[in-house]
Every structure is written in C-alpha cells, then in structure tokens.
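Colleague:
In the UniProt record's numbering, the protein residues as written are 1 to 159.
#1: Entirely within the segment 84-110 and at least 3 residues each: give me those beta strand (DSSP E) ranges in chain order.
#2: Using the rule of at least 16 other Cβ atoms within 10 Å of the residue's Cβ for burial, across every protein chain shown, is residue 152 buried or exposed?
#3: What are the boundary residues of the beta strand (DSSP E) that residue 71 is part of?
#4: Let me make sure I understand the geometry here. Which of 52, 85, 33, 130 has the alpha-carbon closest to that of residue 75?
#5: Measuring CA to CA, which of 102, 114, 113, 120 is closest to residue 87?
#6: Out of curiosity, what's the CA-to-CA distance linking residue 145 and residue 16?
#7: Below 8 angstroms on the Cβ atoms is my contact criterion, and I expect residue 48 with residue 28 to pass it. Report the Cβ-Cβ distance as a whole number of Å.
#8: Is the segment 50-67 in contact with the segment 106-115, if contact means three or more CB pairs nearer than 8 angstroms?
#9: Taking buried to mean at least 16 other C-beta atoms within 10 Å of its own C-beta, is residue 97 buried or exposed?
#10: When we look at the beta-carbon of residue 59 and count the other beta-carbons within 10 Å, is it buried (16 or more) or exposed?
#11: What would DSSP say about residue 132, mapped onto helix, strand or coil?
#12: Considering just the uninterrupted stretch of the alpha helix (DSSP H) at residue 5, what are its terminal residues?
#13: Give me, in chain order, the residues of the same chain whose beta-carbon lies closer than 8 angstroms to that of residue 193; leave out the 5 immediate sequence neighbours on both sides.
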C-alpha cells in the first residue's frame, strides 16, 4: 500500500527522474537517508520500474505516429501469445495493448514518414500471425501525450 510520502516521491520522480536524492528529500520533508530507503523500496517492489529520457520523436526523425487496431483470426491463447511475441520484437511498435471491443489489439507505431509507415504496414504488420483485419489511425496532432500516471489521488494512500 502506498502512503502519502510514497505518492509525493512518485509524483516528483515522474516529473523529474534526475532530481537528486537531497532535493527530493527536501521537497518531501525527509532527511536524505530515509528518502533514499523509500525510493529503493519503491524500486524493489517494482512500483518504480526504471528511469528514462523523454525524447521529442519529431526531432529524432519519427514524424508519423499511427495507432493500429488489429483483429486476429483465432482467440486461442497460443495464437494470441505468438502474435504478442512477434509484435514485441518490432522496433517500430512503441506500445501494444490487448483490448476489448471490436478489435483484439491496439498497436502504437512510429515511423519517419508516410511511405515508411506504408511499407512497414504492408510488409510487416499484415504478415503478423493470425491477422484478420487491421485499421490504421494516423495522429494529426498530439493534444496530451502520455507524461505521467495520475497518482496524487490514489485511493489506497495512508498517512
């Protein structure tokens, strides 16, 4: 269970993962040693799963973002697992979710340009095991890209 101090730590680290332990401790009102121990426990409990740099995809040459809805032929566990394994290995796929509704998976793909995406879609995605149907939805404008989980109001917080 997360307490209020844990939530403060997680909120601050999501905002700036490079914050020093001293600065983090100052902001949450702890001394450095207990703060460091709390961060280590959050890491050991896999609540904090890593630290990453946030990149501007356009500045690194990935101008196109596409969400692809995919329906597969078979819903057997082995077929779904095979699909998941192959999607996971694709560098252009930056996220993949198993979803409910009229599709089975939602894949997020980035690509340098439309021609590159078209090649990837036709030569790679369409050839994934069990693909019955796919629909590409092109991002025209990122209104609110993912930046952090909303944890400040987590229900199971204790003193």
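Note that the Cβ used here is the ideal one computed from N, Cα and C, for glycine as well.
Modeller: Concretely, from the data shown:
#1: 93-98
#2: exposed
#3: 64-72
#4: 130
#5: 120
#6: 17 angstroms
#7: Rounded, the Cβ-Cβ distance is 15 angstroms, inconsistent with contact.
#8: yes
#9: exposed
#10: exposed
#11: strand
#12: 4-15
#13: Residue 193 is absent from the structure shown; the chain starts at 1 and stops at 159.
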